[in-house]
Amino acid sequence: MDKSYLSNENFARLDEVIEEHKEKRGALMPVLHEAQKIFGCLSLEVQKKISEKMSVPLSEIYGVVTFYSQFTLEPKGKYTIGVCLGTACYVRGSQAIVDKVTELTGVAVGKTSSDGKFSLEATRCIGACGLAPVLTVNEEVYGRLTVEDIPGILAKY
Ligand code: FES
1 MDKSYLSNEN FARLDEVIEE HKEKRGALMP VLHEAQKIFG CLSLEVQKKI SEKMSVPLSE
61 IYGVVTFYSQ FTLEPKGKYT IGVCLGTACY VRGSQAIVDK VTELTGVAVG KTSSDGKFSL
121 EATRCIGACG LAPVLTVNEE VYGRLTVEDI PGILAKY
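For what it's worth, UniProt numbering labels the leading residue of the sequence shown as 1, then goes sequentially.
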């Protein structure tokens, strides 16, 4: 796994964020949010640093990070593929789209490929139901998909 996100520069930014919030009540959540923005994830290395600097037990931080789905423990891949599993997309076969993406990339939902290229996520409705089923790659949206479209889309990345 690529560890380049654990740079001194990022840790220095984290120090600043902690410094800003330290004295406030309920500082942990905002610090975790900011930390995820800085590092792209809240891996154990990042959690340990927050634990030390804020004097909060690691077990407490780990509990919060794993409880809220907006936090992610692993760095995301260069390209995040999101397949909508909202109702409109689901009834138009988005599960088959997910399966095809997994088959072609070897990445399961919620995971990142070992080369750090792709992450796969199942998303809720992204408000493009007219285009169902919908898949996104980072900011790019692809709609009215069939499984036959998937190899061509992935080949672009
Ligand atoms: S259900 Fe997929 S975009 Fe709305």
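All C-beta atoms in this analysis are idealised placements derived from N, C-alpha and C, irrespective of residue type, glycine included.
No experiment lies behind these values; they were computed from the predicted model shown.
Between the ligand FES and the CB of Gly93, the shortest heavy atom gap is not smaller than 7 Å.
Bounds of the beta strand (DSSP E) holding Ile81 are 79–84. Excluding the 5 residues flanking it on each side, Thr123 has same chain C-beta neighbours closer than 8 Å at Gly82, Val83, Cys84, Leu85, Gly86, Thr136, in chain order.
From the listed residues Ala155, Gly152, Val98, Gly116, the smallest Cα separation to Val134 is found for Val98.
Residue state for Ser4 is assigned as coil, using DSSP reduced to three classes. Relative to the ligand FES, even the nearest heavy atom lies 7 Å or more away from the CB of Thr136.
Apart from the 5 residues on each side of it in sequence, Lys76 sits with its Cβ closer than 8 Å to the Cβ of Gly40, Cys41, Thr112, Ser119 in its chain, given in chain order. Under DSSP, no beta-bridge partner is assigned to Thr87.
Checking the DSSP bridge columns, you'll see Ala122 partnered with Val83. When secondary structure is reduced to three states using DSSP, Leu154 falls in the helix class.
Under a 10 Å Cβ-count criterion, Leu32 is classified as buried, with 16 or more other Cβ atoms of the shown protein chains found around its own Cβ.
Nearest Cα to Phe71 within the set Glu103, Pro30, Ala96, Gly93: Pro30.
For Ser59, the closest C-alpha among the options Gln47, Glu140, Tyr68 is that of Gln47. Residue state for Tyr142 is assigned as strand, using DSSP reduced to three classes. Under the three-state reduction of DSSP, Leu58 is assigned to helix. Residue nearest to Lys22 within the set Thr80, Ile50, Val109 is Ile50 (criterion: CA-CA distance).
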